[in-house]
Structures are given as C-alpha cells and as structure tokens.
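**Q**
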C-alpha cells in the first residue's frame, strides 16, 4: 500500500474525493491548525480523502480474512504533521508525526481458538510502542524462532519493557514537549 504519502491528491481514486473545502467541518473543529489559505486547507482535505481511501482498502483486506483463523496487522510507517505544530504540512519531529495507527484485527475464529492471545492483545492496548519493535512482536505470532528475538521488545510478552525511553528523532524523548 502506498498509503497517505504526499502528494495526497494522488493517493486516492476520484470516486473517493469526498472531502473538500465546502463540505468538511474539520477546519471549524480544529481551530489550532495553522493553515494559511485555501491551498493549505485543500492539502488537508486531500489528506483526509487519502485516509478515507486507505480505510476502504484496509476494510477490504479484513473482509478477505474475516472467515478464517486469522489476524490482520496494520501499522503505519510514520504520521504527518498536518499543520499542527507549524505552518507547514510536514513529516518532522513532532508528536503528530510520531503518533501512528496500529491496528490488529482478529477474526471470530481467531478469538475462539486463541483466547490467551486475545487477552494479551487487550492487556497491551495502552502500552507505549514504537514500530522498530514490530519484528519482535510479530515473530512469535508467526511461530518463528530466532536468536535475534528480544522478549523485552515484544509488545505481547509479559517481559515487554514499556518503560524504555522512546527517542524517535533528534534524541528527544517521546512524548515531546510542545
């Protein structure tokens, strides 16, 4: 998936061009956005449309696996600072850029066959996580054993280190002061 990378207007088909300057209440609800003009607002509307399309694609993938003993894991590579911490749309070192979607869909069959995993997923729901730990988290789910696995970096392991400082960029500890 190409996802929601700039230029957002190129990341969704025309039939998913739902949000525009005339029909979104996003701008009135988010007065803290630092948009300067309608061109900036259009960038935000295009971004929302790209998210709308990305959600459609993700839903379609989930539909393919819903009747199987399966998991679908989705993790974005980064967020975008959509005029939140500066007057620019950017992928810079900010809380908005660091907070990314991480979704685990469990089919009903998976939930029935693996109740202990469901419990571990629920226990991990609000733990801090960085995408560089994904490999250590997914290896056991896939049944892969390797000497490089670190249980302190496996979100679903009881030994997961949720106190580890997250320093995603510029050696700043996340969450970053505004």
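Numbering (the numbering used here), first residue to last: 10 to 187. Note that CB positions come from ideal geometry on N, CA and C, so glycine has one too. Only a predicted model underlies this, so the values are computations on that prediction, with no experimental measurement involved.
Just confirm the distance between the C-beta atoms of residue 146 and residue 165, as a whole number of angstroms; I'd bet it's less than 8 Å.
**A** Working through the chain shown from its first residue, we reach residue 146 at position 137. Working through the chain shown from its first residue, we reach residue 165 at position 156. Going by Cβ atoms, the distance from residue 146 to residue 165 rounds to 6 Å, so yes, they are a contact pair.
**Q** Out of curiosity, what's the CA-to-CA distance linking residue 138 and residue 173?
**A** Numbered from its first residue, the chain shown carries residue 138 at position 129. Numbered from its first residue, the chain shown carries residue 173 at position 164. Cα to Cα, the separation comes out at about 10 Å.
**Q** Within its chain, find whatever has a CB closer than 8 Å to the CB of residue 159; leave out the 5 residues flanking it on each side and keep chain order.
**A** Stepping through the chain shown from its first residue, residue 159 is reached at position 150. The residues 145, in chain order, have a CB closer than 8 Å to that of residue 159 in the same chain once the five nearest residues on each side in sequence are set aside.
**Q** Three-state secondary structure (DSSP) at residue 109?
**A** Looking up residue 109 in the chain shown gives position 100. Residue 109: coil per DSSP, three-state reduction.
**Q** Tell me whether residue 81 sits in a helix, a strand or coil according to DSSP, three-state version.
**A** The residue given as residue 81 occupies position 72 in the chain shown. Strand.
**Q** Measure the alpha-carbon distance for residue 132 versus residue 48 and round it to whole angstroms.
**A** Along the chain shown, one-based indexing puts residue 132 at 123. Along the chain shown, one-based indexing puts residue 48 at 39. Approximately 43 Å, taken between the alpha carbons.
**Q** Considering just the uninterrupted stretch of the beta strand (DSSP E) at residue 175, what are its terminal residues?
**A** The sequence position of residue 175 within the chain shown is 166, counting from 1. It spans 175 to 178 - the beta strand (DSSP E) in which residue 175 sits, taken as one unbroken run.
**Q** Whole angstroms is fine: what's the gap from residue 72's alpha carbon to residue 61's?
**A** To locate residue 72, count along the chain shown from 1; it is residue 63. To locate residue 61, count along the chain shown from 1; it is residue 52. Approximately 17 Å between the Cα atoms of the pair.
**Q** Can you give me the start and stop residues for the alpha helix (DSSP H) that residue 63 sits inside?
**A** Working through the chain shown from its first residue, we reach residue 63 at position 54. Unbroken alpha helix (DSSP H) run through residue 63: 47 to 74.
**Q** Based on Cα-Cα distance, which residue from 163, 27, 116, 30 lies nearest to residue 76?
**A** The residue labelled residue 76 in the question sits at position 67 within the chain shown. The candidate whose alpha carbon is nearest that of residue 76 is 116.
**Q** Express the C-alpha separation of residue 170 and residue 43 in angstroms, rounding to a whole number.
**A** The residue given as residue 43 occupies position 34 in the chain shown. The residue given as residue 170 occupies position 161 in the chain shown. Rounded to whole angstroms, residue 43 to residue 170 spans 36 Å at the Cα level.
**Q** Determine the contact status of residue 15 and residue 58, defining contact as a CB-CB distance below 8 Å.
**A** Start at 1 with the first residue of the chain shown, and residue 15 comes out as number 6. Start at 1 with the first residue of the chain shown, and residue 58 comes out as number 49. Against a cut-off of 8 Å, the Cβ pair of residue 58 and residue 15 comes out as no contact.
**Q** Could you give the residue range of the alpha helix (DSSP H) that holds residue 122?
**A** On the chain shown, residue 122 is found 113 positions in, with the first residue counted as 1. Run containing residue 122: 117 to 122, per the alpha helix (DSSP H) assignment.
**Q** So residue 145 is in the alpha helix (DSSP H); what residue range does that whole segment cover?
**A** Your numbering for residue 145 matches position 136 in the chain shown. Taken as a continuous stretch (DSSP letters only), the alpha helix (DSSP H) holding residue 145 covers 143 to 150.
**Q** Relative to the alpha-carbon of residue 190, which residue among 177, 123, 94 has its alpha-carbon at the smallest distance?
**A** What is shown of the chain runs 10 to 187, which leaves residue 190 out entirely.
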